[in-house]
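K.L.:
Residue numbers (the UniProt record's numbering): 1 to 671. Just so you know, even glycine gets a beta-carbon here, dropped at the ideal spot from N, CA and C. For clarity, every value in this text was computed on a predicted model and none was experimentally measured. For reference, the structure I am asking about is given below.
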């Protein structure tokens, strides 16, 4: 698909170069023009774009992986469709090599390096398994190692098409044959232990430089996974510790029940080996009571020719021809039958030769007769009912896991061992129960438009339910609530109700008349109407405004308008201040006569008082013309008073009575 180079996908991702190709998709390096970073984009091949089942699975599982957050998982950043025919997944761009490339370049890896890589892969699987996601295709090709040694697992849940190392089954189970679990090869029920088997194969290859089972065709390899035991890795690479040898063999046990039951168990043992290579790893056998010899239903022999055709839908051009297949299967079947007879004969001879000793050996020396119980059939029963039946038979009920099914939740779907098998008393009977319909995690729809939410839900296999609206501060037209909430578990096709923002609710109030009100009264009134208030002060000294001190005389907008709540009303109010009195320089009176000083004070409403008025007791007539020699205070306000000191009058000489005639005498004469 070189025509993709240079294209813009999703209005932001510019395709730069092709960096990989799988059975179902191409992988390109691209640049996100919005965030200015490199990403990897997986594009579904044209041959699958019209297959609704594959397209739906491609999107749904990619979206599910996007919810995983783990340092050892390649992050899925986006998923979408362009022009209805380009289906793509956007992932973080990891600069490095695949583990397969590293193995091809270096051959077997140092065991401590292999253990470290395995811990990180198991850490990724633990995260996925906790979120009910099974990888199904763990292999070195899907494990990336950066130059800094960071390990990232990719291609979660995306099935590969058939090629020389891949096999496909009629029930849509896919994966790479060299790393298949036996249950994948059979097309039977798989759970998280399938990934742990495949990781065991990857570990085997890392420490030996080769896969445990190889062959000319995928079918041949798959049969080896089912029928043959691997050569112990320590026989190939003696440098690995026995603890790691045992761990790999346990992880690759053909019976899921005898493997590690979860990734955490595997991580714990890997960590023990990392800390102390001489540690002893627990046996991969079952509990003691399950180790003992017991009579059981016959183990299925290798499938006959008809079964072989039903199990494998092998369309690869590189696969063997039908007649060659027939010959190989016939030869294999004969060999197995002969081998079974030889083993049975040897056991019979051994028992006859050793007599009681042999019997003692097979029964651990017990002289008591071991009670054998026929396993009751509980398939189709409810879990509680099945538990009662099994326990009443003297056996131990163990719920081994759940499986998606159209059966009612809790219904027993499978049991191990099968009904009718003979087991010892208190043996464990493991059952797989229905988990109901497929459980899906609800995505977070908040902030999306209804259209985007509908598309998102479709990728999850869910539907959009009731859409209602509410006023909100959030952007109009975006989802503000959802039910069930994000991360809730629901069944496929369940409907998710959403509430969409109508934007801010516009409420109005009528603007009141605030004239004559105090600021406090106006604020209380405006608060009750959901208005804001802005104050503008007007200072006045006008006498007629004195009674309006602190009161509103104007407002904007005026009274009577319907205005949006939250709006601001500007109010104008008076602050009254007494008029400022004039001040005069009283010092200018110095040198003026007292009469002039009195006139000055009269004009300015200032009282002029004389400090030394007593000096003029005998000469009152001279006071008016007396000069001001001093004044206090020197500055005085209108309406105030000043005290002046007048120049003292000159002393008069005594009168000469002889010289001056008596005025009275003159008067008498005149009269």
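With burial defined as no fewer than 16 other Cβ atoms inside 10 Å of the residue's Cβ, what is the status of residue 110: buried or exposed?
P.N.:
So residue 110 counts as exposed.
K.L.:
Enumerate, from N- to C-terminal direction, the unbroken alpha helix (DSSP H) stretches of 4 or more residues contained entirely within the segment 578–640.
P.N.:
Segments of the alpha helix (DSSP H) lying fully in the segment 578–640: 594–603, 620–623.
K.L.:
Following the continuous beta strand (DSSP E) through residue 268, name the residue where it begins and the one where it ends.
P.N.:
Residue 268 -> not in any beta strand (DSSP E); alpha helix (DSSP H) instead, spanning 263–275.
K.L.:
So, at 7 Å on beta carbons, what are the nonlocal neighbours of residue 409 in its own chain, with the 5 sequence-adjacent residues on each side left out?
P.N.:
Only 434, 435, 436 meet the Cβ criterion.
K.L.:
Please report the straight-line C-alpha distance between residue 196 and residue 258, rounded to a whole angstrom.
P.N.:
If I take the Cα positions, the gap works out to 12 Å.
K.L.:
Going straight from the alpha carbon of residue 242 to that of residue 229, what length do you get?
P.N.:
Roughly 17 Å separates the two Cα atoms.
K.L.:
If we ignore side chains and look at the alpha-carbon of each, how far apart do residue 440 and residue 509 end up?
P.N.:
Near 48 Å, if we compare the C-alpha coordinates of residue 509 and residue 440.
K.L.:
Sort 640, 628, 635 by Cα distance to residue 646 and report the nearest one.
P.N.:
When only C-alpha atoms are compared, the closest one is 628.
K.L.:
Please go through the UniProt domain "PASTA" (507–575) and give each complete alpha helix (DSSP H) segment of 4 or more residues, from N-terminal end onward.
P.N.:
Listed in chain order, the complete alpha helix (DSSP H) runs (minimum 4 residues) inside the UniProt domain "PASTA" (507–575) are 519–528.
K.L.:
Is residue 375 closer than 8 Å to residue 428 when the C-beta atoms are compared?
P.N.:
Cβ distance not < 8 Å, so residue 428 and residue 375 don't count as in contact.
K.L.:
Closest to residue 450 by C-alpha separation, out of 496, 461, 414, would be which residue?
P.N.:
Per the Cα distances, 496.
K.L.:
Nearest by alpha-carbon distance to residue 550: which of 557, 565, 573, 535 is it?
P.N.:
Checking every option, the nearest Cα to that of residue 550 belongs to 573.
K.L.:
State buried or exposed for residue 123, treating a residue as buried only when at least 16 other CB atoms are found within 10 Å of its CB.
P.N.:
Looking at its Cβ environment, which holds 16 or more other Cβ atoms inside 10 Å, residue 123 is buried.
K.L.:
Going by beta-carbon coordinates alone, are residue 226 and residue 190 separated by less than 8 Å?
P.N.:
Cβ atoms of residue 226 and residue 190: not closer than 8 Å.
K.L.:
In its own chain, which residues sit with a C-beta less than 6 Å from the C-beta of residue 371, not counting the 5 before and 5 after it?
P.N.:
If we look at residue 371 and ignore the five residues flanking it on each side, its Cβ neighbours are 425.
K.L.:
Count the other CB atoms, across all protein chains shown, that sit within 10 Å of the CB of residue 9; report buried if there are 16 or more and exposed otherwise.
P.N.:
With 16 or more Cβ atoms within 10 Å of its Cβ, residue 9 is classed as buried.
K.L.:
Which ranges would you report for the alpha helix (DSSP H) in the segment 26–111 if only whole runs of at least 4 residues count?
P.N.:
52–66, 99–106, all fully within the segment 26–111.
K.L.:
Kindly provide the ranges of any alpha helix (DSSP H) runs that are 4 or more residues long and lie completely inside the UniProt domain "PASTA" (436–502), ordered along the chain.
P.N.:
The UniProt domain "PASTA" (436–502) contains these whole alpha helix (DSSP H) runs: 450–460.
K.L.:
Tell me the rounded alpha-carbon separation between residue 672 and residue 64.
P.N.:
Nothing can be reported for residue 672, as the shown portion of the chain is limited to 1 through 671.
K.L.:
Would you kindly work out how many angstroms separate the C-alpha atoms of residue 399 and residue 127, rounded to a whole number?
P.N.:
The alpha-carbon atoms of residue 399 and residue 127 are separated by roughly 22 Å.
K.L.:
If we ignore side chains and look at the alpha-carbon of each, how far apart do residue 535 and residue 580 end up?
P.N.:
So the two alpha carbons sit approximately 25 Å from each other.
K.L.:
Inspect the CB distances between the segment 626–642 and the segment 603–617 and report whether three or more fall short of 8 Å.
P.N.:
Contact holds: three or more Cβ-Cβ distances are below 8 Å.
K.L.:
Can you tell which of 557, 576, 564 has its C-alpha closest to the C-alpha of residue 544?
P.N.:
Of 557, 576, 564, the residue nearest in Cα terms is 576.
K.L.:
If we ignore side chains and look at the alpha-carbon of each, how far apart do residue 213 and residue 59 end up?
P.N.:
Those two C-alpha atoms are separated by around 33 Å.
K.L.:
Is residue 504 helix, strand or coil by DSSP?
P.N.:
Note: residue 504 maps to coil in three-state DSSP.
K.L.:
Please work out which residues of its chain come closer than 7 Å, Cβ to Cβ, to residue 453, disregarding the five sequence neighbours upstream and downstream, and give them in chain order.
P.N.:
Answer for residue 453: 445, 464, 479, 498, listed in chain order.
K.L.:
How should residue 280 be labelled, buried or exposed, when 16 other C-beta atoms within 10 angstroms of its C-beta is the threshold for buried?
P.N.:
Residue 280 is exposed by the Cβ-count criterion.
K.L.:
To the nearest angstrom, report how far apart residue 156 and residue 405 are at their CA atoms.
P.N.:
Near 22 Å, if we compare the C-alpha coordinates of residue 405 and residue 156.
K.L.:
Look up residue 3 in the DSSP assignment and say whether it is helix, strand or coil.
P.N.:
Residue 3: helix per DSSP, three-state reduction.
K.L.:
Using the Cα positions of residue 325 and residue 233, report the straight-line distance between them to the nearest angstrom.
P.N.:
Below a pLDDT of 50, predicted positions are generally treated as unreliable, and residue 325, at 38, falls in that range; the measurement from the model is reported next regardless. Near 30 Å, if we compare the C-alpha coordinates of residue 233 and residue 325.
K.L.:
Tell whether a beta-carbon distance below 8 Å holds between residue 204 and residue 248.
P.N.:
The answer is yes: Cβ separation under 8 Å.
K.L.:
Going by other Cβ atoms of all chains shown within 10 Å of its Cβ, with 16 needed for buried, is residue 118 buried or exposed?
P.N.:
Residue 118 should be labelled buried.
K.L.:
Can you look up residue 372 in the DSSP assignment and give me helix, strand or coil?
P.N.:
Residue 372: strand per DSSP, three-state reduction.
K.L.:
If you draw a straight line from the alpha carbon of residue 56 to that of residue 148, how long is it in whole angstroms?
P.N.:
Residue 56 and residue 148: Cα-Cα distance of roughly 36 Å.
K.L.:
Going by beta carbon distance, what residues of the same chain come within less than 6 Å of residue 142, once the five residues before and after it are set aside?
P.N.:
Result list for residue 142: 154, 155, in chain order.
K.L.:
Is residue 74 buried or exposed, if buried means 16 or more other CB atoms sit within 10 Å of its CB?
P.N.:
Residue 74 should be labelled buried.
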